[in-house]
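Participant:
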Amino acid sequence: MMSKKNYAGIPDKYARIDEAKVVLIPVPYDGTSTWQKGADKGPEAFLEASENMELYDIETRSEVYKKGVYLAPPVTEDESPEKMVEAVYKTTKNYIKQDKFVTLFGGEHSISIGSIRAFNESFEDLTVVQIDAHADLRPEYEGSKCNHACAMHEAGKTTNLIQVGIRSMDVSENDHMDENQVYFAHDLYEDWQDDAIGQMTPNVFITIDLDAFDPSILPSTGTPEPGGLFWYETLEFLKMMFKKKNVVGFDIVELCPNKNEKSSDFLAAKLYYKMLSYKFKYQNYNEEDDEDE
Numbered sequence: 023m024m025s026k027k028n029y030a031g032i033p034d035k036y037a038r039i040d041e042a043k044v045v046l047i048p049v050p051y052d053g054t055s056t057w058q059k060g061a062d063k064g065p066e067a068f069l070e071a072s073e074n075m076e077l078y079d080i081e082t083r084s085e086v087y088k089k090g091v092y093l094a095p096p097v098t099e100d101e102s103p104e105k106m107v108e109a110v111y112k113t114t115k116n117y118i119k120q121d122k123f124v125t126l127f128g129g130e131h132s133i134s135i136g137s138i139r140a141f142n143e144s145f146e147d148l149t150v151v152q153i154d155a156h157a158d159l160r161p162e163y164e165g166s167k168c169n170h171a172c173a174m175h176e177a178g179k180t181t182n183l184i185q186v187g188i189r190s191m192d193v194s195e196n197d198h199m200d201e202n203q204v205y206f207a208h209d210l211y212e213d214w215q216d217d218a219i220g221q222m223t224p225n226v227f228i229t230i231d232l233d234a235f236d237p238s239i240l241p242s243t244g245t246p247e248p249g250g251l252f253w254y255e256t257l258e259f260l261k262m263m264f265k266k267k268n269v270v271g272f273d274i275v276e277l278c279p280n281k282n283e284k285s286s287d288f289l290a291a292k293l294y295y296k297m298l299s300y301k302f303k304y305q306n307y308n309e310e311d312d313e314d315e
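So the sequence shown is residues 23 to 315, counted in this note's numbering.
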């Protein structure tokens, strides 16, 4: 059971739903993972790390928490993957309708089926940018279409899906992959980021599986893969997206915390805060509130 407190320990006046521009939905779900269990503990570890993070972002010269971050009650439905996906979908859609910038922290990657479904219904011509080690394009796995191995299959059929950092997949996933929009980890070339941006529609949802990062900087994930992305190249790509596109929301998944290794928790916390900082630095989410910049 997750303990209820403000995101990053921010003052109550920035954490109220009526004032907050941002909603953070924790989804502590780990029902379909197939190797190391523990992603259900990811949101709690992420929130604990966030409390120990400096809230002034040097790069953007901002304190983005002052835009308000409401920590929503966690989505705890775990009777089946299908019911969890439906609960995530309904919760996400509810906050989008309230005109919030909606973010989620998992949990395993199957939670993104529900979040992407909600965003795709809410924003026209949506691009989904998946930053991940795994393709996650199986139509079904272990008897469910809502398995973590299927996390991007629906998005591949219903949205403009761009995949970045991929370095592990089953041969069957070739049938569901548009290789023109896949940036394999082993094949990242000098101008790949510009090319990826050029393939995006105006509205973009970002889903980050933390195993996209190289295990040397983020070992605490359920299915680590060698040869991953590093910190500054990832931030550069994210910053480009926030500058050039309307990022409508994002989720971060697959932190599998290890009590003896806290740097992964902190990287996840810093990544989330960086993305919020870019959102409000580079996109006029609410122009009358710019006095905090």
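Beta carbons: idealized from backbone N, C-alpha and C, even for Gly.
1) Does the distance from the C-beta atom of A71 to that of A290 stay below 9 Å?
2) Check whether the Cβ of L210 lies closer than 8 Å to any heavy atom of the ligand PLP, and answer yes or no.
3) Since I believe A94 is in contact with V45 (beta carbons under 8 Å), could you give me their beta-carbon distance rounded to a whole number of angstroms?
4) V150 to K281, Cα distance in whole Å?
5) Name the two residues that bound the continuous beta strand (DSSP E) containing T149.
6) At what residue ranges does the stretch 154 to 217 contain a whole run of the beta strand (DSSP E), taking only runs of 3 or more?
7) Leaving out five residues on either side along the sequence, give the residues of the same chain with a beta carbon under 6 Å from the beta carbon of Y111.
8) By the 10 Å Cβ neighbour count, where 16 or more other Cβ atoms means buried, how is G165 classified, buried or exposed?
9) What does DSSP give as the partner residues of G60 in its beta bridges?
10) Run the CB neighbour count on H156, radius 10 Å, all protein chains shown included, and call it buried at 16 or more, exposed below.
11) For M191, I'd like the list of residues in its chain whose CB is within less than 8 Å of its CB, leaving aside the five on either flank, ordered along the chain.
12) Leaving aside the five residues before and after M262 along the sequence, list all residues of the same chain whose C-beta is less than 7 Å from its C-beta, in chain order.
13) Would you kindly work out how many angstroms separate the C-alpha atoms of L293 and T82, rounded to a whole number?
14) Let me know if P103 comes out buried or exposed under the rule of 16 or more other beta-carbons within 10 Å of its beta-carbon.
15) So what does DSSP say about I80, is it helix, strand or coil?
16) CB-CB under 8 Å to G249, same chain, minus the five flanking residues each way: which ones, in chain order?
17) Which of helix, strand or coil does DSSP assign to E41?
18) What do you get for Y318, buried or exposed, if any count of 16 or more other CB atoms within 10 angstroms of its CB means buried?
Facilitator: If we stick to the structure as given:
1) In this structure, A290 lies closer than 9 Å to A71 by Cβ.
2) Of ligands this structure carries none, so the ligand PLP is not represented either.
3) Right, the Cβ-Cβ distance comes to about 6 Å (below 8 Å), so this counts as a contact.
4) Approximately 33 Å, taken between the alpha carbons.
5) In the DSSP annotation of this structure, the continuous segment of the beta strand (DSSP E) that includes T149 starts and ends at L148 to I153.
6) Qualifying beta strand (DSSP E) stretches, in chain order: 182 to 188 and 204 to 206.
7) So the list reads G136, R139 and A140, once near-sequence residues are dropped.
8) Classification of G165: exposed, given that the 10 Å Cβ count is below 16.
9) G60 is not bridged to any residue.
10) The residue is buried, with at least 16 neighbouring Cβ atoms inside 10 Å.
11) Closer than 8 Å at the Cβ level, and outside the excluded window around M191, lie H156, A157, L159 and M199.
12) So the qualifying residues of the chain are Q215 and I219.
13) Distance between the alpha carbons of L293 and T82 is about 14 Å.
14) Taking all protein chains shown into account, P103 has 16 or more neighbouring C-beta atoms within 10 Å of its C-beta and is therefore buried.
15) DSSP places I80 outside both helix and strand once states are collapsed to three, so it counts as coil.
16) R189, A207, H208 and D236, listed in sequence order.
17) Correct three-state label for E41: coil.
18) It is not possible to answer for residue 318, since the shown part of the chain is limited to 23 through 315.
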